[in-house]
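Residue numbers (my numbering): 1 to 77.
In structure tokens, the structure reads:
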């Protein structure tokens, strides 16, 4: 099963580690994680103003314009 996370991106549900609200990016642990992912070229995009959530998979970190709440509901279907 796959999850459409917006911007023509689809990720396998089995690979998803977590779906997080991007509003929490100012919390120290999230800030460090996103900086680390960005510096290691794991993070695919860097324009945080457009995006509402970030999806962590076993291999990558994706930014999504869809809220974490909506993505969570889609994942449960």
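Ideal placement from N, C-alpha and C gives every residue a C-beta, glycine not left out.
Here the structure is a predicted model, which is why all the values come from computation and not from measurement.
Expressed to the nearest angstrom, what Euclidean distance is found between the alpha-carbon atoms of residue i and residue j?
i          : j          : result
residue 55 : residue 61 : 6 Å
residue 23 : residue 14 : 25 Å
residue 2  : residue 74 : 10 Å
residue 53 : residue 8  : 15 Å
residue 72 : residue 19 : 7 Å
residue 6  : residue 34 : 19 Å
Would you grab the beta carbon distance between residue i and residue j for me? Rounded to a whole angstrom, and I think it's under 8 Å.
i          : j          : result
residue 80 : residue 50 : For residue 80 there is no data in the structure shown, the boundaries of the chain being 1 and 77.
residue 68 : residue 21 : 4 Å
Comparing alpha-carbon positions, which option in the options lies nearest residue i?
i          : options        : result
residue 58 : 17, 33, 5, 11  : 17
residue 43 : 63, 76, 28, 27 : 63
Can you look up residue i in the DSSP assignment and give me helix, strand or coil?
i          : result
residue 64 : strand
task: Starting from the N-terminal side, write out each stretch of the alpha helix (DSSP H) that is 4 residues or longer and does not extend beyond the segment 28-62.
output: Within the segment 28-62, the complete alpha helix (DSSP H) segments at least 4 residues long are 28-39, listed from N- to C-terminus.
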